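Participant: Have a look at this one before I ask anything.
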Amino acid sequence: MKANTIFMILITIIAVGILAACTPVDVDLDNKADVAKKFASYAEFKSYLTESQDNGGGMYGSVGMMLRGGAQMAMMDTAVAESAKSGSDSYSTTNVQVEGVDEADILKNDGRYIYTISGKKIIIVDAYPAEDASILSEIEFDEAVREMFINEDKLIVFGIARSQRDYTFSTEVQSKMIAPDIMPQYYSSDTLIMVYDITDRSAPELVRTIEVEGDYQDSRMIGDYVYTIVNNQVRYYEEEYVMPMIRDGDVERTIAAEDIYYFPNPDSSYRFTNILSLNTQDDDEAVESETYLTSYSQNLFVSMNNIYFTFEKRPNPWVYQKAMIEEVYMEIMSDDFKSDMKKILNSGEDDNEMMNDAYRLLSDFTEDFTREEQQEFSEKMLDKMADFQNKMNKLYEKTVIHKVAIKNGKIDYKTYGEVPGTLLNQFSMDEFDGNFRAATTTGHVSRMGESSSANHIYILDEDLDMIGKVEDLAPGERIYSARFMGKRGYIVTFKKVDPLFVIDLSNPRDPTVLGKLKIPGYSDYLHPYDENHLIGIGKETVEAEEGDFAWYQGVKVSIFDVTDVSKPIELAKYEIGDRGTDSYALHEHKAFLFDREKNLLVLPIKLAEIDEEQYPNGVSDNTHGSFVWQGAYVFNIDLENGLELRGRVSHNEDDESYLKSGYYYSTPYAVQRSLYIGDNLYTVSSAMIKMNNLDTLEEVNSVELPYEQNNYPIYY
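Using the numbering used here, read the sequence shown as starting at 1 and increasing by one per residue.
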């Protein structure tokens, strides 16, 4: 095989990689007037989707094959109705990103009662005082329960409904059907929003049910209103599109094409993104809703006044490849090659044919290269390709951000914008003084080869036009965590060591890096301690000898001091366990319990430890520990003494039983959340709530929850 074949394979790999990563989307940000348009008719809706699918080459989603169940109430024997009695004035609430914007979770409390999801049940526990804690009632469901809110005497539950339903076509399509009352059916997985009156905690009463076709993404509660985002695949049946459905009680409403917003960004994988608002205190107020035709909504940020939902945008593959030919190959080839290639690119041929002709020409020109010429060509191509890739990452690898205003249940689409790169999660976004801030990563990180990644901070004004940026932070690394706090931003990047960047955002048009700290390990989550200190939770690491990366080890908790912004320091740290140790709090911020006034930090930990006696030749850095314990680590935390372990709380009476857990299944006694009411710490698993004195951690009481284990098969 000629050496020429080798680098032609390389060229092909690059091209295929580009195609695999691309979804054709082109958005014109220079003209955002009337950006959110509505279809004039179903015919226009159908034409738009058909043209987009033809251009993008995609298939629309599939449907599930399961039936829906309902909910049943189970009340404990009690002689007196349990209305909202007086509880403690001192109790923790869900750890949220924005003050005043509540986030749904599997656990809630109001200072007297605890509401927790256990399997397919919601359990209401009279939790205060802890010594007398007991179960008041259960709400049982036939399908999984996702999350919930508590607002005064209302419990708002998000669940799943699996149903066999009729296809819901537009009125225009139904009018042409021979028998519109006899509709074909399909299986659907829908989102249920259930409102319970819990004035009597011992007898919750279902007072309202809203069913939305599609998958629950996220929700927020501001005041008395709950805002919910549901994504629904666009379905196609016998040359017609199925319209989304919303049912409120007995009233079912099919969303008309004329009520659907769309944007000038053709895509090959459309979704209906539904935003609903529900008044939790007025069951007679109609549900407000807006439906948008978008790509799959990926990340969500909600302020007191706005919802921002995002999706990734990729370049049209043909545009990308044409640019690569012009800016890489034509820059290093002969004049004759350039002349012939220009003719191909300007031929007006079909994109596929044009690219085939272009790569055929490239193959012909390089076929007779000597080995030295091949080597020289390869080196030049790779150099140009690196520069081209970095440029394209910012130009074409982007995130589109949609802004929707919300107020007292009203939903009003405002505008959209875009930033280069991709977002990690909701903490990569923020709103401050009317501006939107985002932390993104472009490119990719490679363990063994060349990495093209870089990290950036972008600031957009209220119209989502970019007004400020800091780019190209920590080349070759990616963002592991981000946090915006007022006029500062913090990001943690990682590949081998953990740089913590401190960014000054006081001038939104000229953000600047104030300082950075490089230490081993990384933080998956950053939490404010005060204006000049941060708590980080992540993993300790050891640099690998095998390549340009590091092996993660146990869980690490850090306190960062950014008082001197030019020289941030790690004020204190605490390492937990060996490689394999994990925490729900690394991936779910609601599992993180912190109270500065009480000097309290609680983390659920799955502990893995290495028995060095089993490794007489030494323990390698990539060795996993064995699971030995699960429960809550309770810390004293303050700036003077740092992090001190106050103690541990487990729900597993026999630690040996937990040794079976790990890769295949885990115990229902695994602590997932914690809270405090008064002077007691409450740790919560699917099977138990345990109460311990906050100061001494002496056990006060425990309540067994009626958890039913789903015995799934174990695959090896």
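The beta-carbon is built from N, C-alpha and C at its ideal position, and this holds for glycine as well. Predicted model only: the values in this text are computed from it and were never measured.
Can you list, in chain order, the stretches of the beta strand (DSSP E) that have 3 or more residues and sit fully within the stretch 603-660?
Facilitator: Within the stretch 603-660, the complete beta strand (DSSP E) runs of at least 3 residues fall at 626-638 and 642-649.
Participant: Please return the same chain residues whose Cβ sits closer than 6 Å to the Cβ of Val80, not counting the five positions on each side in sequence.
Facilitator: The predicted position of Val80 is uncertain, since its pLDDT is 46 and thus under 50; a value taken from the coordinates is nonetheless stated next. Cβ neighbours of Val80 beyond the five flanking positions: none.
Participant: Counting along the chain, where does the alpha helix (DSSP H) carrying Phe594 start and finish?
Facilitator: Phe594 -> not in any alpha helix (DSSP H); beta strand (DSSP E) instead, spanning Leu593 to Asp595.
Participant: At the level of alpha carbons, what is the spacing between Val35 and Ile275?
Facilitator: The alpha-carbon atoms of Val35 and Ile275 are separated by roughly 18 Å.
Participant: Reducing DSSP to helix, strand and coil, say where Glu285 ends up.
Facilitator: coil
Participant: For the alpha helix (DSSP H) that Met719 lies in, which residues bound it at each end?
Facilitator: Since the first residue shown for the chain is 1 and the last is 716, residue 719 is missing from the structure and cannot be characterised.
Participant: For Thr442, report the span of its beta strand (DSSP E) as first-last.
Facilitator: Asn435 to Thr442
Participant: What residues match up with Tyr241 in a beta bridge as DSSP calls it?
Facilitator: Tyr236
Participant: Provide the residue(s) that pair with Arg162 in DSSP beta bridges, ordered along the chain.
Facilitator: According to DSSP, Arg162 shares a beta bridge with Ser189.
Participant: For Pro499, is the classification buried or exposed, using 16 other Cβ atoms within 10 angstroms of its Cβ as the cut-off for buried?
Facilitator: Burial state of Pro499 is buried, judged by a 10 Å Cβ sphere holding 16 or more other Cβ atoms.
Participant: Does the stretch 240-251 come within contact of the stretch 324-335, defined as at least 3 CB pairs closer than 8 Å?
Facilitator: Flag = no, the stretch 240-251 and the stretch 324-335 do not touch.
Participant: By Cβ distance, which residues of its chain are closer than 6 Å to Asp638, with the 5 residues on each side in sequence left out?
Facilitator: Asn599
Participant: Would you list the one or two residues that DSSP bridges to His527?
Facilitator: Ile535
Participant: Could you check if Thr512 is buried or exposed, using at least 16 other CB atoms within 10 Å of its CB as the buried criterion?
Facilitator: Exposed is the call here.
Participant: Grouping DSSP H, G and I as helix and E and B as strand, with all else coil, what is Asp582?
Facilitator: strand
Participant: If you count every other CB in all the chains shown that lies within 10 Å of the CB of Ser295, and 16 or more means buried, which is it?
Facilitator: buried
Participant: On the DSSP bridge list, what partners appear for Tyr128?
Facilitator: According to DSSP, Tyr128 bridges with nothing at all.
Participant: Can you check which of these residues, Asp224, Ile255 and Tyr196, is closest to Val212 by C-alpha distance?
Facilitator: Cα-wise, what sits closest to Val212 is Ile255.
Participant: So who's on the other strand from Arg247, going by DSSP bridges?
Facilitator: Glu211 and Glu252
Participant: Report the partner residues of Phe263 according to the DSSP bridge assignment.
Facilitator: DSSP lists no partner for Phe263.
Participant: Apply the 10 Å Cβ neighbour rule to Glu708 and answer buried if 16 or more other Cβ atoms are within range, or exposed otherwise.
Facilitator: exposed
Participant: Whose C-beta lies closer than 6 Å to the C-beta of Phe484 among residues of the same chain, with five residues either side of it excluded?
Facilitator: The residues are Asp430 and Arg437.
Participant: Could you check how far apart the C-beta atoms of Ala757 and Ser674 are, in whole angstroms? I think they sit under 8 Å.
Facilitator: No statement about residue 757 is possible, as the shown extent of the chain runs from 1 to 716 and does not include it.
Participant: May I ask you to list the residues that DSSP assigns as paired with Val557?
Facilitator: Ile537 and Tyr574
Participant: Using CA coordinates, which residue listed in Asp340, Lys384 and Met355 is at the minimum distance from Phe365?
Facilitator: The option with the nearest alpha carbon to Phe365 is Asp340.
Participant: Could you compute how far the alpha carbon of Ile569 sits from the alpha carbon of Phe427?
Facilitator: In a straight line, the C-alpha of Ile569 is about 22 Å away from that of Phe427.
Participant: Please classify Lys590: does DSSP put it in a helix, a strand, or coil?
Facilitator: In this structure, Lys590 counts as helix in the three-state DSSP scheme.
Participant: Since Val226 and Phe149 are thought to touch, with beta carbons under 8 Å apart, how far apart are those beta carbons, to the nearest angstrom?
Facilitator: 6 Å
Participant: Should the stretch 535-555 be called in touch with the stretch 569-580, which here means at least 3 C-beta pairs below 8 Å?
Facilitator: yes
Participant: Exposed or buried, what is Ala257 when buried is set at 16 or more other beta-carbons lying within 10 Å of its beta-carbon?
Facilitator: buried
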